[in-house]
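First residue of the sequence shown? That's 81 in my numbering, and the numbers climb one at a time after it. Here a beta-carbon is modelled for each residue, glycine too, at the ideal position from N, C-alpha and C. Working notes, beginning with the structure itself.
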Amino acid sequence: MQADTETVYRWVEWLKSGSDEQQYQAALALRALAGDASNKHLIREAGGIERLLRLLDSGGNSMLTVVGAETLSCLAADDPANRDMIRELGGIQSLVNLLAAGPEAECTHRALLALRILTDKETDRLAILKAGGIAHLVSLLAAGPDSEVTEYAAAALGNLAAGSQQIKDAIRQNGGIQPLVRLLRDDPDEISAELSAVVLRNLALQNAVNRAAIKDAGGLQPLLRLLSMGQEKLVYPLTCEVVYNDNVSGQAHKASAGQCCFDPHRGHLCVAMKPQGGPFACFGGNKHASPRDKTAERYSLLRKLTITEPSPNVLELNFTVADKEGAQRIVEQQNLGSSKAKQRRLESLAISPCSATEIKGAIMRMLTKMHLEREFKLNVPSVAGKQILTTTPSPSGQSMAHFPMEANLERHALQPIQPQAA
């Protein structure tokens with residue numbers, strides 16, 4: 081709920097000069113108020129962040145420390161100005177210090193939540209590095225594959241590994257690769273394994289030394305194998321609606337309902353719109369379109385895009401974030417598309433009904449796997465740097481694009497060659 085300025089200043093004053101019980105109640109009240117974005121700047125302007133940071137010095141076993149760290153997490157979420165102030169006031173060092181209490185301490189849990197949020201900006205990531213946070217995070221990976229502490233530590237490391245090469249090197253130098261590979265290899269069904277895969281992916285990108293270390297630790301095969309799981313969900317047609325952007329007029333227009341599927345072998349989105357004057361069929365005769373046909377529209381997913389879940393059964397892919405124009409249809413390799421098709425770009429696509437979380441997870445694993453195959457220079461089908469589209473006849477005689485099933489995905493590109501120096 082939105083609070084008035086007087087109320088916020090009263091709670092902050094309790095943090096400043098109240099008893100331990102009053103400070104605790106004030107921190108709880110500010111935590112509740114921080115759930116409303118309109119209150120966050122009021123708490124910051126009233127001096128609340130500085131007072132909450134002082135609570136972190138109350139000791140690892142103090143509930144004042146716990147509630148202070150939790151309230152700071154709420155204030156930092158989705159608020160860059162609050163994150164900057166926490167860093168500038170030395171909050172990152174204070175939060176990192178709490179990790180020394182170990183995986184069983186409640187303050188460690190709350191500090192991890194805050195640090196995970198404070199990892200989306202390079203300035204903050206470097207502050208965590210300088211504060212010695214990476215060594216603590218790596219040590220917390222030993223809390224166990226089913227521990228929330230392990231999950232939060234891996235999530236924070238994944239965000240850190242998305243930063244500079246200096247941070248990627250520091251994670252390796254602090255012994256991070258071995259425990260990440262162990263979580264991935266020994267407990268592939270745990271959430272911690274998925275999070276470890278993200279860390280290893282980020283560590284490998286544009287870092288030949290890390291790639292060699294991941295290979296030496298035996299991490300490449302289980303990493304690619306985990307990323308292949310669930311991709312069978314992507315190869316079957318799903319109902320969708322598409323928004324195109326006309327390159328000539330600049331106008332966006334929604335096409336009629338159609339179907340789409342994904343080609344995990346190449347990282348393509350395949351789209352077939354419903355033909356006029358007839359029912360839509362997945363594998364019908366020549367007059368019916370299918371996203372698995374050779375003539376289906378294809379778009380590369382190996383580009384910047386946004387994937388959101390408006391509801392549990394709706395998944396949206398937005399392609400306009402990279403170049404403000406949308407994704408261009410892949411027509412050169414197919415020698416298919418008309419000039420009209422070349423004049424429009426795919427702006428967004430909504431899949432419904434579907435299990436949005438499952439499909440999103442499968443898409444993210446597919447893209448991660450393809451990026452890793454490129455980084456490790458694995459055997460990916462290509463001719464002169466261009467992707468090949470192979471086809472096979474369907475039972476009806478239709479020309480169908482080749483979509484490998486899960487068994488093929490398990491075997492595909494699991495034989496790495498020696499990576500070259502970056």
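Distance between beta carbons of residue j and residue i, contact taken as under 8 Å
i    : j    : result
D326 : A352 : Not quite, the Cβ-Cβ distance comes to about 20 Å (not below 8 Å), so this is no contact.
S432 : N393 : 6 Å
M446 : L314 : 7 Å
A107 : G148 : 6 Å
P302 : C341 : With 8 Å as the limit, P302 and C341 do not qualify as a contact, their Cβ atoms being about 27 Å apart.
L136 : S174 : 4 Å
C320 : A430 : 6 Å
Member of the options whose CA lies at the smallest distance from the CA of residue i
i    : options                   : result
I214 : L122, E389, R378 and K248 : K248
E312 : C350, A223, L95 and D343  : D343
Q103 : G115, R90 and S118        : R90
A109 : P183, C350, G338 and T151 : T151
C154 : S97, K210, L193 and I410  : L193
L29  : Q286, G182 and A126       : A query on residue 29 cannot be resolved here, the shown segment of the chain reaching from 81 to 502 and no further.
R205 : A241, I129 and A234       : A241
S428 : V322, L113 and L285       : V322
T230 : P268, S118 and S276       : S276
M143 : L122, I129, A161 and H189 : H189
Reduced DSSP secondary structure (H/G/I, E/B, other) of residue i
i    : result
A185 : coil
I387 : strand
R408 : In the sequence on display, residue 408 carries Gln and not Arg. Looking at Q408 - three-state DSSP - the assignment turns out to be strand.
C320 : strand
R346 : coil
V394 : strand
M353 : strand
C434 : coil
L426 : strand
S118 : helix
G98  : coil
S138 : helix
Q339 : strand
S276 : helix
E270 : coil
R40  : This structure does not reach residue 40, given that the chain is present from 81 up to 502, and the question cannot be answered.
D296 : helix
S308 : helix
N177 : helix
R378 : strand
N287 : coil
Burial state of residue i, where buried means 16 or more other Cβ atoms lie within 10 Å
i    : result
T203 : exposed
P225 : buried
G171 : buried
Q245 : exposed
P217 : It should be pointed out that residue 217 corresponds to Leu in this sequence rather than to Pro. Its Cβ being crowded by 16 or more others within 10 Å, L217 is buried.
A83  : buried
T85  : exposed
G133 : For the record, residue 133 in the displayed sequence is Leu; it is not Gly. With 16 or more other Cβ atoms within 10 Å, it is buried.
M81  : exposed
T388 : exposed
G299 : buried
G115 : exposed
T437 : exposed
S391 : exposed
Y379 : buried
Y232 : buried
A464 : The predicted model places A464 with a pLDDT of 34, which falls under 50 and marks its position as unreliable, so this point remains unresolved.
E396 : buried
A376 : buried
D100 : exposed
Runs of alpha helix (DSSP H) lying entirely within the segment 203 to 261, each at least 4 residues, in chain order:
Restricted to the segment 203 to 261, the alpha helix (DSSP H) segments that are unbroken, complete and at least 4 residues in length are 213 to 220, 228 to 241 and 245 to 253, listed in chain order.
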